[in-house]
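Undergrad:
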Amino acid sequence: MPSDRVVIFTDSPDNIQDIVQLLEFVGYDVSIESDVSTFLKNNNIQVVLVYYQLLKNAQEVVRYIKTTQSTKDIPVIVLIQEKNYVTLLELYQIGISDYIEFPIIDVELISKIALHIELKKNREKIESLYKELRESLDLASSLQTLMLPEPIEMCNGIWITSNYMPSQIVGGDIYDYFSLNEDVYLYTADISGHGVQSALLCSAVKSVIRSAAQRGLHISEVVNELQDSMKTVLGHNYVTGLFLKIRGSKVEYINCGHPPLIIYDGANFTTMNLKSVFPIGLLDYRYTPGDCGSFEMQEGLTFVAYSDGLYSIFERIRASEDSMQLLLEFLNKEISGIMPEALPFATANALRRRYYEIPDDYSFIAFGRSFGSAYYSENSKYEMIPFERTLKSLVDDIILRAADHYAVLINDHGKFWSIATKNVEIGPILRKLPMSITISFDTVECIKVFKNLR
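In UniProt numbering, the protein residues as written are 1 to 454.
#1: Ignore the nearest five residues each way along the sequence and tell me which others in G372's own chain have a CB closer than 8 Å to its CB.
#2: Does the beta-carbon distance from residue 536 to I113 come in below 8 Å?
#3: Under the rule that 16 or more other beta-carbon atoms within 10 Å means buried, what is F450, buried or exposed?
#4: So F314 packs on S323, CB below 8 Å; how close in whole Å?
#5: Roughly how many angstroms separate the alpha carbons of K422 and D176, rounded to a whole number?
#6: For L89, is the classification buried or exposed, using 16 other Cβ atoms within 10 angstroms of its Cβ as the cut-off for buried?
#7: Below 8 Å CB to CB, which residues in the same chain sit around R352 once its five sequence neighbours on both sides are set aside?
#8: In chain order, what residues of the same chain lie with their CB nearer than 6 Å to the CB of F178, ignoring the 5 residues before and after it?
#9: Which residues does DSSP list as the beta-bridge partners of D412?
#10: Considering only the alpha carbon of each residue, which of T232, G266 and F367 lies closest to V245?
#11: Going by alpha carbons, who is nearest to I96 out of T271, G248 and V47?
#12: Which complete beta strand (DSSP E) runs does the region 91 to 125 hold, if anything under 3 residues is left out?
#13: According to DSSP, what are the bridge partners of N181?
#14: With a 10 Å radius around its C-beta and 16 neighbouring C-beta atoms as the bar for buried, classify G281 as buried or exposed.
#15: What number of angstroms, rounded off, separates the C-alpha of S377 from the C-alpha of A403?
#16: State yes or no: is the C-beta of T240 within less than 8 Å of the C-beta of A189?
#17: What residue from S312, I160, Y164 and R134 has the CA that sits closest to residue 457's CA?
#18: Just to confirm before moving on: does the CB-CB distance between L409 and I152 stay below 8 Å?
#19: Decide if F102 is buried, meaning its Cβ has at least 16 other Cβ atoms within 10 Å, or exposed.
#20: Check the C-beta distance from Y306 over to P259 and give it rounded, since I have them as a contact under 8 Å.
#21: For N57, which option in R354, T10 and S3 has the closest C-alpha, if you only look at C-alpha atoms?
#22: Measure the C-alpha to C-alpha separation of F39 and L54 and round it to an integer number of angstroms.
#23: From what residue to what residue does the alpha helix (DSSP H) around M147 run?
#24: Quick check on Y185 - is its C-beta less than 8 Å from some C-beta in chain B?
#25: Which term fits M1, buried or exposed, when burial requires 16 or more other beta carbons within 10 angstroms of its beta carbon?
#26: Quick one, are the C-beta atoms of E33 and V7 less than 8 Å apart?
#27: DSSP on C292, reduced to helix/strand/coil?
#28: Please classify L453 as buried or exposed, where buried requires at least 16 other C-beta atoms within 10 Å of its C-beta.
#29: Report yes or no: do three or more beta-carbon pairs, one from the region 338 to 354 and one from the region 110 to 124, lie closer than 8 Å?
#30: Leaving out five residues before and five after R369 in sequence, what residues of the same chain have Cβ atoms less than 7 Å from its Cβ?
#31: Could you check whether S192 and G172 sit closer than 8 Å to each other, using their CB atoms as the reference points?
#32: Have a look at R5, K415 and H405 and flag the residue whose alpha-carbon is nearest the alpha-carbon of V444.
#33: For Y44, count neighbouring Cβ atoms within 10 angstroms of its own Cβ and tell me buried if that reaches 16, exposed if not.
#34: In or out: E132 buried (at least 16 other Cβ within 10 Å) or exposed?
#35: Count the other CB atoms within 10 Å of the CB of V251; is the residue buried (16 or more) or exposed (fewer)?
#36: Where A350 and I437 are concerned, what is the direct C-alpha to C-alpha distance, given to the nearest angstrom?
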């Protein structure tokens, strides 16, 4: 194993020969240099000693080391003939790690050099581990995002928009929606804990649910299969989730310890009372059809499924109050009146604008049935809406301007049309919509077109 390297910059090499001999005896690789600008390049140095008869010269050497990107993290110890507190303060402000006063005491010299070398190595280990961790978390976050469905979708007459908001900590949020024959499956789930393991378990959740649904299992059996499949990998973790199966206007659900649905009527947000059972993996429990509930979807109402990270900011800043109630108050104050399809994106913007940083990641899925809908993408086309000539021309223009992986969703909400697009340049067509409201969210645009004012 190579010796740790110590470099001494000095204008008086004869005065430090005893120091050099002592350090070499201890086992350090020591060299004496005078030109700091050339020697520090491409050298694996663990610590630098600086000794000049004039402390101003020592200051210049230290300043060079600490202002050079490749050497600024090397510990610097200054050797001084006499304490001058003003000069020492300036040296500490420049960035020295320590000083030693002549006459040099062997134990002090060796112990301080050993200490700062150890601190440097520990810092480098921590930085390396942190870099590896960040790379792992970034990979997990990317994989998690890739597993999510399209943010604008139409499934068997059910329109869906969604958004996932990551935090600084990779979490275990997963949601999905897909159509299977006449049914629409929609769920949001949250694996307890954070980090790479929780994020990667999301892939298993998605695969198990899709497989079970394709075999026509009852929704309670879908959850049982998920529990059986996850037993060996969950460990001490568990899964909360709200799982829905929609056919026509009837919704069958099972709520495994997850937050309830929120209902939005265009003006007010309220929670929906749902039956609830144990989270998956928390207890050795078999779910039955008796644990499930059902309700009817009404046209014109929007339903919101989400994870508990949505109200995590309220748990942090107002811990003594009901965080769910605080979330409803926030939505009714900041989001009320917005077109339903924009809810996932507008809520994220409002939370960022008000609180800047959300402590936990969260999922937000808005869905519903409108009086008429149309959906266009590269791979699908769905029209259940009587287009007027003006609107039909507008739709044609929108699709003409679409980029790759585009999506266009149009809903009839009675008094207005809503248009939600992804990867579409809508700027040039806005002049055709003088009585409309447009809101932009990154790659998603939402347009509210008033019928009686067109």
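Every residue gets a Cβ at the ideal spot worked out from N, C-alpha and C, and that includes glycine. The structure displayed is predicted, hence computed values, not measured ones.
TA: Judging by the given coordinates:
#1: M384, I385, P386, N411 and D412
#2: Residue numbering for the chain in the displayed model covers 1 to 454; residue 536 lies beyond these limits and cannot be assessed.
#3: F450 comes out exposed.
#4: Contact flag correct, Cβ pair sits at about 4 Å.
#5: 18 Å
#6: exposed
#7: I358
#8: Cβ contact annotation for F178 (same chain, cutoff 6 Å, sequence separation greater than five): Y185, in chain order.
#9: G372 and W417
#10: Before going on, a small fix: residue 245 reads as Lys here, not Val. Among T232, G266 and F367, the Cα nearest to that of K245 belongs to F367.
#11: V47
#12: 98 to 101
#13: Paired residue(s): none; N181 is not in a bridge.
#14: buried
#15: 10 Å
#16: With a cutoff of 8 Å on beta-carbon distance, T240 and A189 are scored as near each other.
#17: The shown model of the chain, from 1 to 454, leaves out residue 457, and the question about it has no answer.
#18: yes
#19: Around the beta carbon of F102, fewer than 16 other beta carbons sit within 10 angstroms, so the residue counts as exposed.
#20: 6 Å
#21: T10
#22: 21 Å
#23: Here M147 belongs to no alpha helix (DSSP H), and DSSP marks it neither H nor E.
#24: As a matter of chain content, chain B is missing from the structure shown, which is built from one protein chain.
#25: The predicted model places M1 with a pLDDT of 48, which falls under 50 and marks its position as unreliable, so this point remains unresolved.
#26: yes
#27: coil
#28: Here L453 scores only 47 on pLDDT, less than 50, and its place in the model should not be relied on; the value that follows carries that caveat. Exposed: under 16 other Cβ atoms inside 10 Å.
#29: no
#30: G157, I158, S249, M297 and E299
#31: yes
#32: V444 has its Cα closest to that of H405, out of R5, K415 and H405.
#33: For the sequence presented, residue 44 should be read as Asn rather than Tyr. So N44 counts as exposed.
#34: exposed
#35: buried
#36: 17 Å
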